[in-house]
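J.: Below is a structure I'd like to ask you about.
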Amino acid sequence: MRLLVTGGAGFIGSNFIRYIINKNHSVVNIDSLTYAGNPDNLKDISRHKNYRFVRGDISDSRLVESAFERDIDAIVNFAAESHVDRSISNSSPFIKTNVEGTRVLLDAALSRGVRFLQISTDEVYGSLGARGYFTEKTPLSPNNPYSASKAAADLLVKAYYKTYGLPVNITRCSNNYGPCQHPEKLIPLTITNALRDIPVPVYGDGHYIRDWVHVEDHCRAIEAVLQRGVAGEAYNIGGGSERTNIELVKTILGIMQKDEKLISFVKDRPGHDRRYAIDYAKIKRELGWCPLMDFDRGIKETVRWYVENTRWWKSMLREG
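For the sequence shown, position 128 (counting from the first letter as 1) is numbered 128 according to full-length UniProt numbering, and the numbering increases by one without interruption.
See the structure below:
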């Protein structure tokens, strides 16, 4: 495959590009290198013969047109403003990138007749109670500006399939973890704060529940959708590893042999969804994918990565 990947210098995008390049596929990567994008994430493959980088904004249609190469098979759209707290403070960049940017990419895909894969999130479904799971048939019910912008983009993708027949897929994944995740996110925030022996903030009562999947498993799922996904279909991707935030933070502090007194409960986030949990039966049944990374092993490896890459995350803190 030859892929046009957007947002490829970010956390999930850079892991996917490295994964797919190692499978001998080719990538053109568009990224505007905002605070969350880091060219060092792909430094090891920056000169690879199957990789080309284009710096720019996906809402710039001329830039997107110029990045296309003749034999592109599909667009994979990772590019997104994704931090909920930032969306609450200022939703404008989220609408521009997540909605208008997706529209520009869809038009580019339509003009060339290439497949389009939208990388979405389980947050578009809203909040779950104590029981049940999100399926692909769960109605979209976002509760914050970030998830609302992603839901809007998903609906645009669906509309381009229904209206124009554009071959599209949408993947909605649970919370990712692994190397190269920006230290504003919960797991790297906990690790990097603990390394500096400063308070680890936990929202509200700490009993918000998230399902966690390792980023490498997510990359495998995206590959499966690109290779075998049915046009027009959405696929949920989950890790089967639900944890409360406080349980997760305590697990990380235990691995690091840090005192739980570092935990600092802070004022809750507005519109905070109580629980996310993914039913990934469809992608398992239809495409043969399931998560392989055991959470206990994966979180230990993730802690080790941040311990060994202090220079990387400190540079991200300065830029963020």
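Even glycine gets a Cβ: it sits at the ideal position worked out from N, Cα and C. Values in this document were obtained by computation on a predicted structure and should not be read as measured data.
#1: Pull up the DSSP beta-bridge partners for residue 234, would you.
#2: Tell me the residue span of the alpha helix (DSSP H) that contains residue 184.
#3: Look up residue 100 in the DSSP assignment and say whether it is helix, strand or coil.
#4: Once DSSP output is grouped into helix, strand and coil, what is the label at residue 218?
#5: Who are the Cβ neighbours of residue 244 in its own chain at under 6 Å, not counting the five residues just before and after it?
#6: Assuming residue 172 and residue 234 make a contact with CB atoms under 8 Å, what is their CB distance in whole Å?
#7: Is residue 291 buried or exposed, if buried means 16 or more other CB atoms sit within 10 Å of its CB?
#8: In this structure, what does DSSP give as the bridge partners for residue 148?
#9: Assign residue 302 to buried or exposed, taking buried as 16 or more other Cβ atoms, counted over all protein chains shown, within 10 Å of its Cβ.
#10: Return the CA-CA distance between residue 53 and residue 38, expressed in angstroms with no decimal places.
#11: Which whole runs of the alpha helix (DSSP H) in the segment 49 to 106 are 4 residues long or more, in chain order?
#12: Where does the unbroken beta strand (DSSP E) through residue 4 begin, and where does it stop?
#13: With DSSP run on the structure shown, which of helix, strand or coil describes residue 213?
#14: Does the Cβ of residue 257 have 16 or more other Cβ atoms within 10 Å, making it buried, or fewer, making it exposed?
#15: Regarding residue 227 and the ligand ZN, is the C-beta to nearest heavy atom distance less than 7 Å?
#16: What span of residues does the beta strand (DSSP E) with residue 15 cover, start to end?
#17: From the DSSP secondary-structure annotation, give me the bridge partner or partners of residue 160.
#18: Just the C-alpha distance for residue 189 and residue 215, rounded to the nearest angstrom, thanks.
#19: With the cut-off set at 8 Å, would you say residue 108 and residue 64 are in Cβ contact?
#20: Check whether the Cβ atoms of residue 27 and residue 12 sit closer than 8 Å, and answer yes or no.
#21: Since residue 276 and residue 123 should fall inside the 8 Å C-beta cutoff, what is the C-beta to C-beta distance between them, to a whole number of angstroms?
#22: Report back the beta-carbon spacing between residue 200 and residue 262 to the nearest angstrom; my notes put them in contact at under 8 Å.
#23: Within a Cβ cutoff of 8 Å, which residues of the same chain sit near residue 309, ignoring the five residues on either side of it in sequence?
#24: Which residue wins for smallest C-alpha separation from residue 282, given the options 57, 136, 46?
#25: What is the residue span of the beta strand (DSSP E) that residue 296 lies within?
#26: Could you work out which residue in 306, 96, 114 is closest to residue 192 when comparing CA atoms only?
#27: Whole angstroms are fine: how far does the CA of residue 229 sit from the CA of residue 22?
#28: Verify whether the separation of the beta carbon atoms of residue 238 and residue 211 is less than 8 Å.
#29: Spatial neighbours of residue 264 within its chain, please: CB distance less than 8 Å, with the 5 preceding and 5 following residues excluded, ordered by chain position.
#30: When the distance is taken between beta carbons, is residue 85 closer than 8 Å to residue 2?
#31: Kindly indicate which residue of 67, 253, 61 has the alpha-carbon position closest to the one of residue 97.
#32: So, under 8 Å CB-CB, residue 174 and residue 278 are touching, yes? Tell me the CB distance rounded to an integer number of Å.
#33: What's the C-alpha gap between residue 152 and residue 298?
T.: According to the structure shown:
#1: 170
#2: No alpha helix (DSSP H) holds residue 184; DSSP gives it neither H nor E.
#3: helix
#4: helix
#5: 207, 209
#6: 6 Å
#7: buried
#8: Paired residues: none, contrary to the question.
#9: buried
#10: 12 Å
#11: 61 to 67, 84 to 89
#12: 2 to 6
#13: The answer is strand: DSSP assigns residue 213 an E or B state.
#14: So residue 257 ends up on the exposed side.
#15: Of the ligands one can find in the structure shown there are none, so the ligand ZN has no counterpart to examine.
#16: Careful: residue 15 lies outside any beta strand (DSSP E), inside the alpha helix (DSSP H) at 11 to 21.
#17: Paired residue(s): none; residue 160 is not in a bridge.
#18: 17 Å
#19: yes
#20: no
#21: 7 Å
#22: 5 Å
#23: 179
#24: 136
#25: Counting along the chain, residue 296 falls outside any beta strand (DSSP E), though it belongs to the alpha helix (DSSP H) covering 295 to 308.
#26: Residue 192 has its Cα closest to that of 306, out of 306, 96, 114.
#27: 21 Å
#28: Yes. Within cutoff.
#29: 199, 200, 201, 202
#30: no
#31: For residue 97, the closest C-alpha among the options 67, 253, 61 is that of 61.
#32: 5 Å
#33: 32 Å
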